[in-house]
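Visitor: Those letters in the sequence shown? Residues 1 to 455, by the UniProt record's numbering.
Note that beta-carbon positions come from the ideal geometry of N, C-alpha and C, so glycine has one too.
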Amino acid sequence: MATEAVPASSLRSGQLSPPRSHEVPRAPEVTAGPESEDDTPPLHAVDVALRWNESKTTIWKVLATFWCGFVMGCNDAAYGAIIPYLELSYHKSYAIISLVFLSPFVGYTVSALLSNFIHQRLGRRGVACIGPACHVLAFAVISSHPPFPALVIMYMFVGLGSGIQNAGWNVWISHMADSHEVLGCFHGFYGVGATVSPLVATSLITKAGWEWYSFYYLLTGAAVFELVNATSAFWAETGSRYRQDHPSAPGREAGGSLNHTRLSLTYRVTWICAVFLFLYGGIEVAIGGWIVVFMTNVRHGSPFASGMAETGFWLGVTLGRFVLGFVSPRIGEKLSIVIYILLAIALELIFWLVPEFIVSAVAVALVGFFLGTIFPGVVVVATRLLPKHLHVAAIGFAAAFSMGGGAVFPFMIGAIAQAKGVTVLQPILLAMLAVALMIWGTLLRAPTQQSPHQV
């Protein structure tokens, strides 16, 4: 009868209710307002979660996010291929050229503050419009070979666009059924872009005689398609619809969305994931950004062969995301990340200690393979531990930290390499992996499928 339907609906709506009805026929009176929704993990909603292939419209939306990931990957991996040519073109030192790594951090920081506000006011349509538009603007200006200060400013816009999309699409996909697998594919397309980009850029520059900035003609075209495709796919996803789907998040004024960001920062898991992803993003982009210089100067490879070593790294990242995305849920996301980091440390030691070009190229590709699926795993763990209405704010903050790490650490390595040589790359990467492992170890002790303790 109706007495049994009440607790069931209470569970489906995400309200906190006792594990059993305790023979109380009117359970809704036990709820404690919006805060009580915080303690129900999204895992309970798997049976009614959106499936990626349940309609043509949903498939279109998913594929649109995949293309966004592809464009972000193309941009992030292009740094490694063009860094040597930026040095020649602008006659700047490693330390100054490394500002192109650091400047997107400004954009990522702004995106962390704006992501929840954009969702509340404009919905996912806003994410689909603003993120790609930032890419179009930046890539178009970079393709004109601007002065170096303008180049640095444009990379800030790249960071803003990527940060907004990274938060929005990771959260949207993480609420789907089979979220780890779909997230693996989303990040896998990022890896496809990161694999193709240095391959195409290196080939065009070294074989076809293109200038480094001419490669951005291609990225501008890809970003225009990204803008048109994503905006069309998510046009119906307005701010009012988002607020309807997330009634626990007020968002009727700017202060409401900012309060969600502040509230998400009171959860220990938000900070653990953010600091972990800060290191992870730094490791990934530092390898991709400096591997060409390292393989050329230290392993004495040709410019083309060294560019192919970077391609091998991003290919490893891509394959890891597509393949290990189906393995990690069976091992358990928390444990699998520990295993992948330990394997990456072992391979990084081989990369450092065996001074052979081929061995280094294979080792760095395998490092990419095991690192690749870590980001999706962290997102899945975070969405299971955090309240649903804080997902955009918390994961947006953590994702911005990840991209911030991808900006700060390559810049630091460039500054150190200016003084000590690019051989500092390997010991720094090993230290970062070890610290990341220790940070993740603190999350292993957190209660499973419970809201983390507030700090």
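(1) Pick out whichever of 122, 233, 56 and 181 has its Cα sitting closest to the Cα of residue 329.
(2) Along the chain, where does the alpha helix (DSSP H) that runs through residue 98 open and close?
(3) Starting from residue 60 and walking both ways along the alpha helix (DSSP H), at which residues does that stretch end?
(4) Within 10 angstroms of the Cβ of residue 373, are there 16 or more other Cβ atoms? Answer buried if so, exposed if not.
(5) Just the C-alpha distance for residue 114 and residue 397, rounded to the nearest angstrom, thanks.
(6) Need the endpoints of the alpha helix (DSSP H) that residue 388 sits in, please.
(7) Pick out whichever of 380, 210 and 313 has its Cα sitting closest to the Cα of residue 173.
(8) Residue ranges of each alpha helix (DSSP H) run of no fewer than 4 residues wholly in the stretch 140-190, ordered along the chain?
(9) Here's a check: name, in chain order, each residue in its chain whose Cβ is nearer than 6 angstroms to the Cβ of residue 79, leaving out the five neighbours to either side.
(10) Applying the 10 Å Cβ sphere with the 16-neighbour rule, what's the burial state of residue 93?
(11) Please specify which runs of the alpha helix (DSSP H), each continuous and at least 4 residues long, are wholly inside the stretch 262-301, giving them in chain order.
(12) Taking all protein chains shown into account, do 16 or more other C-beta atoms lie within 10 angstroms of the C-beta of residue 401, making it buried, or fewer, making it exposed?
(13) Applying the criterion that 16 or more other CB atoms from any shown protein chain within 10 Å of the CB defines a buried residue, is residue 3 buried or exposed?
(14) Please return the same chain residues whose Cβ sits closer than 8 angstroms to the Cβ of residue 105, not counting the five positions on each side in sequence.
(15) Can residue 146 and residue 223 be called in contact, C-beta distance under 8 angstroms?
(16) So which of 148, 309 and 58 has the shortest CA-CA distance to residue 196?
(17) For the ligand FAD, I want to know if residue 316 counts as a neighbour, meaning its beta carbon is within less than 7 angstroms of at least one of the ligand's heavy atoms.
(18) Classify residue 192 as buried or exposed, calling it buried when 16 or more other Cβ atoms lie within 10 Å of its own Cβ.
(19) Under 8 angstroms, with one C-beta from each stretch per pair, do the stretch 375-393 and the stretch 354-362 reach the 3-pair mark?
(20) Taking only the alpha-carbon atoms, compute the straight-line gap between residue 362 and residue 311 and give it to the nearest angstrom.
(21) For residue 274, count neighbouring C-beta atoms within 10 Å of its own C-beta (all shown protein chains included) and say buried if the count is 16 or more, exposed if not.
(22) Should the stretch 223-233 be regarded as contacting the stretch 123-140, the criterion being three or more beta carbon pairs within less than 8 angstroms?
(23) Can you tell which of 101, 367 and 324 has the C-alpha that lies nearest to the C-alpha of residue 342?
(24) DSSP state of residue 211, grouped into three classes?
(25) My assumption, with CB atoms under 8 angstroms, is that residue 371 sits in contact with residue 283. Please give the rounded CB distance.
(26) Compute the Euclidean distance between the alpha carbons of residue 231 and residue 262, then round it to the nearest angstrom.
(27) CB residue 364 to CB residue 313, shorter than 8 angstroms?
(28) Does residue 244 pass the burial test, meaning 16 or more other C-beta atoms within 10 Å, or should it be called exposed?
(29) Under three-state DSSP, which class holds residue 439?
Guide: Walking through what the data contain:
(1) In the sequence shown, residue 329 corresponds to position 329, counting from 1. Selected option, being the one with the closest Cα: 181.
(2) Along the sequence shown, read from residue 1 onward, the residue named residue 98 stands at position 98. Element bounds for residue 98: n/a, residue is neither H nor E.
(3) As a working note, residue 60 is residue 60 in the sequence shown. From DSSP, the alpha helix (DSSP H) with residue 60 extends over 56-90.
(4) The count along the sequence shown starts at 1 and reaches residue 373 at position 373. It counts as buried.
(5) Position 114 of the sequence shown, counted from the start, is the residue given in the question as residue 114. Position 397 of the sequence shown, counted from the start, is the residue given in the question as residue 397. Rounded to whole angstroms, residue 114 to residue 397 spans 10 angstroms at the Cα level.
(6) Locating residue 388 in the sequence shown gives position 388, where the first residue counts as 1. Careful: residue 388 lies outside any alpha helix (DSSP H) and carries neither H nor E.
(7) Within the sequence shown, numbered from 1, the residue matching residue 173 stands at position 173. Comparing Cα-Cα distances from residue 173 to each of 380, 210 and 313, the minimum goes to 380.
(8) 148-174
(9) Start at 1 with the first residue of the sequence shown, and residue 79 comes out as number 79. Hits under 6 angstroms: 289.
(10) For the purposes of this step, residue 93 is taken as residue 93 along the sequence shown, with counting starting at 1. By the 10 Å Cβ count, residue 93 comes out exposed.
(11) 268-297
(12) Indexing the sequence shown from 1 puts residue 401 at position 401. That one is buried.
(13) Position 3 of the sequence shown, counting from 1, holds the residue named residue 3. Low per-residue confidence applies at residue 3: pLDDT is 40, beneath 50, and the placement is therefore not dependable, though the value from the model is reported in the following sentence. Exposed: under 16 other Cβ atoms inside 10 Å.
(14) For the purposes of this step, residue 105 is identified with residue 105 of the sequence shown, where counting begins at 1. So the qualifying residues of the chain are 159, 403, 404, 407 and 408.
(15) Position 146 of the sequence shown, counted from the first residue, corresponds to residue 146. Position 223 of the sequence shown, counted from the first residue, corresponds to residue 223. Not a contact, by the Cβ cut-off of 8 angstroms.
(16) Counting from 1 along the sequence shown, the entry for residue 196 is found at position 196. It is 309.
(17) For the structure depicted, the ligand FAD is absent and the ligand set is empty, with no information on it obtainable.
(18) As a first step, residue 192 is located in the sequence shown; it is residue number 192 there, counting from the start. Buried: at least 16 other Cβ atoms inside 10 Å.
(19) no
(20) Counting from one through the sequence shown, the residue named residue 362 turns up at place 362. Counting from one through the sequence shown, the residue named residue 311 turns up at place 311. In a straight line, the C-alpha of residue 362 is about 11 angstroms away from that of residue 311.
(21) Start at 1 with the first residue of the sequence shown, and residue 274 comes out as number 274. Buried.
(22) yes
(23) In the sequence shown, the residue the question calls residue 342 occupies position 342. Among 101, 367 and 324, the Cα nearest to that of residue 342 belongs to 367.
(24) If you number the sequence shown from 1, residue 211 lands on position 211. Reduced to three states, the DSSP call for residue 211 is coil.
(25) Taking the sequence shown and counting its residues from 1, the one referred to as residue 371 is at position 371. Taking the sequence shown and counting its residues from 1, the one referred to as residue 283 is at position 283. Contact holds; Cβ gap of about 7 angstroms.
(26) Working through the sequence shown from its first residue, we reach residue 231 at position 231. Working through the sequence shown from its first residue, we reach residue 262 at position 262. For residue 231 and residue 262, the distance between alpha carbons rounds to 29 angstroms.
(27) Your numbering for residue 364 matches position 364 in the sequence shown. Your numbering for residue 313 matches position 313 in the sequence shown. In contact: residue 364 and residue 313 (Cβ atoms closer than 8 angstroms).
(28) In the sequence shown, residue 244 corresponds to position 244, counting from 1. Burial call: exposed.
(29) For the purposes of this step, residue 439 is taken as residue 439 along the sequence shown, with counting starting at 1. Helix at residue 439.
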